[in-house]
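Going by my numbering, the residue at position 67 of the sequence shown is 230; the numbering climbs one at a time, nothing skipped. Taking it in order: structure first as structure tokens, then the write-up.
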Amino acid sequence: MKALNIHDYYSVVPDNESWTDSIISTYRHQAMALQSMAENIDVEQYHKALKYMLNCTGHVIICGMGKSGHVGKKISATLASTGTPSFFLHPSEAFHGDLGMITRDDVIILISNSGETDEVLQLIPSLKLFGNKIISIIGKISSTMSKNSDVTLLLAESQESCPNNLAPTTSTTLTIAMGDALAVALMKMRQFQPNDFARFHPGGSLGRRLLTRVHDVMVKNDLPLVDVNDPMTSIVITMNQGRRGVAIVTENGELKGIITDGDLRRALVETPNFSELKARDLMTESPKTCYETEMLSDAEEKMRECAVSSLVVLNDSNDVVGLVELLNI
164 MKALNIHDYY
174 SVVPDNESWT
184 DSIISTYRHQ
194 AMALQSMAEN
204 IDVEQYHKAL
214 KYMLNCTGHV
224 IICGMGKSGH
234 VGKKISATLA
244 STGTPSFFLH
254 PSEAFHGDLG
264 MITRDDVIIL
274 ISNSGETDEV
284 LQLIPSLKLF
294 GNKIISIIGK
304 ISSTMSKNSD
314 VTLLLAESQE
324 SCPNNLAPTT
334 STTLTIAMGD
344 ALAVALMKMR
354 QFQPNDFARF
364 HPGGSLGRRL
374 LTRVHDVMVK
384 NDLPLVDVND
394 PMTSIVITMN
404 QGRRGVAIVT
414 ENGELKGIIT
424 DGDLRRALVE
434 TPNFSELKAR
444 DLMTESPKTC
454 YETEMLSDAE
464 EKMRECAVSS
474 LVVLNDSNDV
484 VGLVELLNI
């Protein structure tokens, strides 16, 4: 006789209407719970929690069991990558020796939707003995954990999205959102900037953009340079050869302006004597520039703010040394 496995019990495929309704219902249910939590925050408790975390000279240590533990690891990782030193500590491992990882300078965040998780509660006497501040993230204000915490951050009262109201679904979404909210608030309080973020994310395209300087990626050779007195034919040839969509206008080596493809098209339509124009007649004076030693992320931000696709790059002597383009970033 063939042995049955779990897939034999759950092999019924629902019709499309059934499962799409379920998915939409889950999204809406969790969105409503998030909205409720946003509209009913305890300002005093959040303020105390942020104060403890901001002034923490050790680590913000996150503890949680089961799904709360998985969520706790994510919260800890977000804090650590955004300027708040943090690590996750498994409650059971802590009770069997890893309490030695905790110092009196640490702030502890305990996560339990019920507020009655045994493995987490059994840590509280030791934490109080050490003198740590305890922040609890819970779903029940009357719970044992709440009564033994310095700060209680309450999740919105809501049933789980699970049809049996058993599997942690809505509660974990709310917990992650609360962790994100705390991390973002701390980032703003610390004035955490993109370059700070880059120090903790050196890998991949994000790290490249935030750690790279302009001189590392700028176009240096065959720059589309024209003189202020160059005629239109010379300008068009230079722009075609450069294939950068711009011409950099100089006079005796000094930057005077820039001509873009858009400038050419507008002049062609609006100027009867187009072929007689000189570079000085067409250029935009005081073009947007950056210095070769600037961070690439700053140059990118400048381009976005000014709604331009390239910047003329200068050295410390204000000589033109390159061109950096948004498409290169």
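Note that CB positions come from ideal geometry on N, CA and C, so glycine has one too.
In this structure, Met381 sits near Val487, with a CB-CB distance shorter than 8 Å. Collapsing the DSSP output to three states places Leu388 in a strand. Straight-line measurement puts the Cα of Tyr215 at about 25 Å from the Cα of Glu256. Note on geometry: alpha-carbon atoms of Leu474 and Lys451 lie some 6 Å from one another. Per the C-alpha coordinates, the member of Glu439, Leu388, Gly405 positioned closest to Asn415 is Leu388.
Arg467 and Met458 have their C-alpha atoms some 15 Å from each other.
Contact annotation, Cys226 with Leu284: C-beta distance approximately 11 Å; criterion of less than 8 Å not satisfied. The C-alpha of Asn392 lies about 28 Å from the C-alpha of Ala470.
Taking 3 residues as the shortest admissible run, the stretch 290-372 contains the following complete beta strand (DSSP E) segments, listed from N- to C-terminal end: 296-301, 314-317. DSSP lists Ile422 as the bridge partner or partners of Ala410. In this structure, the beta-carbon distance from Ser305 to Ser275 does not fall below 8 Å. Comparing alpha-carbon positions, the option among Glu464, Thr456, Thr220 lying closest to Asn478 turns out to be Thr456. Per the Cβ contact rule, the stretch 207-221 is not in contact with the stretch 231-241 (fewer than 3 Cβ pairs under 8 Å). Thr434 sits in coil when the DSSP states are folded into three classes, being neither helix nor strand.
In the DSSP assignment, Thr220 falls outside any beta strand (DSSP E) and carries neither an H nor an E. Ranked by how close their Cα comes to the Cα of Asn311, the residues Gln193, Lys441, Leu290 have Leu290 in first place.
Check the Cα spacing between Ala442 and each of Val399, Leu374, Glu464: the tightest is with Val399. Boundaries of the beta strand (DSSP E) around Ile271: 270-275. Per DSSP, the continuous beta strand (DSSP E) segment holding Leu486 begins and ends at 483-488. Straight through space, the alpha carbons of Asn203 and Tyr454 are spaced by roughly 48 Å. Contact between the stretch 240-248 and the stretch 185-203 is absent: fewer than 3 CB-CB pairs across the two stretches fall below 8 Å. Scanning its chain for C-beta atoms nearer than 7 Å, with the 5 sequence neighbours on each side dropped, one finds around Glu323 the residues Leu329, Ala330, Pro331, Thr332, Thr333, Ser334, in chain order. The alpha carbon of Lys296 has as its nearest neighbour, out of Asp269, Glu320, Thr280, Leu318, the alpha carbon of Asp269.
An exposed status is given to Thr183, since fewer than 16 other beta-carbon atoms sit within 10 Å of its beta-carbon. Gln356 has its alpha-carbon roughly 46 Å from the corresponding atom of Leu440.
Residue pairing by DSSP places Tyr190 opposite no residue, since no beta bridge is assigned to it. C-alpha of Met308 to C-alpha of Ile339: approximately 19 Å in a straight line.
When rounded, the separation of the alpha-carbon atoms in Gly294 and Ala462 is 47 Å. For Leu284, the enclosing alpha helix (DSSP H) stretches over residues 281-284. For Leu374, the secondary structure class from DSSP, reduced to helix, strand or coil, is helix. At a Cβ-Cβ threshold of 8 Å, Ile300 and Ile272 count as neighbours. Per DSSP, the beta bridge partners of Cys453 are Val476.
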